Amino acid sequence: MDFDYVETLVTRCKGNDEEAKEKLVYDEMCDYDDLKLALKNLNEEELELIDFVFYKNYTVKEYAYFKNMCYSTAIQRNKNILMKILNNISLY
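Take the position in the sequence shown, starting the count at 1, then add 459; the result is the number in this note's numbering.
What follows is the structure in structure tokens.
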């Protein structure tokens, strides 16, 4: 998996303003690190779905159409990926 790709996804999630990033409190930084770690644990296909739906703001239905897969399969894949991310994030 490409580390730069994961960094790009996380940066999009947090915003591109470097000054704002510097002002993050410790807890927010932990959340940022947890998200980065969780995204690193995804494979290319999983990252593609997350990028398509959550960062490019397409729907899961559009993703299913784009990937030529059944909508219910795309929904299940999305749920599984979100659970995988949740399981890799430390809950305080």
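Think of the CB as a built atom: it goes at the ideal place given N, C-alpha and C, for glycine as much as any other residue.
Source: prediction; values computed, not measured.
Discussion item. Using only the alpha-carbon positions, how far apart do residue 525 and residue 490 sit?
Written reply: Going from the Cα of residue 525 to the Cα of residue 490 covers about 31 Å.
Practice prompt. Over the uninterrupted alpha helix (DSSP H) stretch that includes residue 517, give me the two end residues.
Written response: Taken as a continuous stretch (DSSP letters only), residue 517 belongs to no alpha helix (DSSP H), as it is neither H nor E.
Discussion item. Can you tell me whether residue 505 is buried or exposed? The criterion is at least 16 other CB atoms within 10 Å of its CB, across all chains shown.
Written reply: Counting C-beta atoms within 10 angstroms of its own C-beta, residue 505 has 16 or more neighbours from the protein chains shown and is therefore classed as buried.
Item to complete: State yes or no: is the C-beta of residue 534 within less than 9 Å of the C-beta of residue 501?
Response: No, the Cβ-Cβ distance between residue 534 and residue 501 is not below 9 Å.
Discussion item. Give me, in chain order, the residues of the same chain whose beta-carbon lies closer than 6 Å to that of residue 497; leave out the 5 immediate sequence neighbours on both sides.
Written reply: Answer for residue 497: 544, 547 and 548, listed in chain order.
Worksheet item: Taking the alpha-carbon positions, what's the residue 516 to residue 492 distance?
Response: Taking the straight line from one Cα to the other gives about 23 Å.
Worksheet item: What is the C-beta distance between residue 537 and residue 494, in whole angstroms, given that I count them as a contact (C-beta under 8 Å)?
Response: At roughly 17 Å, the Cβ-Cβ gap does not stay under 8 Å, so residue 537 and residue 494 are not in contact.
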